[in-house]
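Peer 1:
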Amino acid sequence: MNIEITLPADAWQDVEPGTEALVEEWLVAEGSTVAAGQTLASVVVVKANHDIVAPQAGVLEKILVEAESTFKPGQALAMLRSAA
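Per full-length UniProt numbering, the sequence shown starts with residue 1, numbered consecutively.
1. In three-state terms, what does DSSP make of D10?
2. Using DSSP bridges, identify the partner residues of T70.
3. For the putative contact between L22 and V43, defined by C-beta atoms under 8 Å, what is the C-beta separation to the nearest angstrom?
4. Could you work out which residue in P17, M1, T70 and A76 is closest to E24 when comparing CA atoms only?
5. Quick check: the Cα distance between A67 and I5, rounded to an integer number of angstroms?
6. Residues in its own chain within less than 6 Å of G58 by CB, not counting five upstream and five downstream?
7. Tell me which same chain residues have a C-beta within less than 6 Å of the C-beta of V65, skipping the five on either side of it?
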């Protein structure tokens, strides 16, 4: 089963509509096995840094938003194939 990795909605609270965030860097490469809670990427929303963590164990199938690229609220950053 594939799971979309997104920035949690609470990170977007008090952010003006139309604002985009930046993927600062990916800490895990495509095809890597990850553990639940492992940090996958670092992103910046209006000068606030946030970690993107794996919701469960699996394989990082595909990075959809590359490092140094911007994304909108609710946009999938990557796809995770669950280990189950």
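The beta carbon of each residue, even a glycine, is placed where N, CA and C say it ideally should be.
Peer 2: A quick look at the data gives this:
1. Walking along the sequence shown from the start, residue 10 turns up at place 10. The answer is helix: DSSP assigns D10 an H, G or I state.
2. Taking the sequence shown and counting its residues from 1, one reaches residue 70 at position 70. DSSP lists L22 as partners of T70.
3. To locate residue 22, count along the sequence shown from 1; it is residue 22. To locate residue 43, count along the sequence shown from 1; it is residue 43. Contact between L22 and V43 holds: their C-beta atoms lie close to 6 Å from each other, under 8 Å.
4. Translated into the one-based positions of the sequence shown, residue 24 becomes position 24. For the residues P17, M1, T70 and A76, the minimum Cα distance to E24 belongs to T70.
5. Your numbering for residue 67 matches position 67 in the sequence shown. Your numbering for residue 5 matches position 5 in the sequence shown. Rounded to the nearest angstrom, the gap between the Cα atoms of A67 and I5 is 15 Å.
6. The residue given as residue 58 occupies position 58 in the sequence shown. Take G58, set aside five residues on each side of it, and the residues of its chain with a beta-carbon closer than 6 Å to its own are L80, R81, S82 and A83, in chain order.
7. Counting from 1 along the sequence shown, the entry for residue 65 is found at position 65. If we look at V65 and ignore the five residues flanking it on each side, its Cβ neighbours are V23, F71 and L77.
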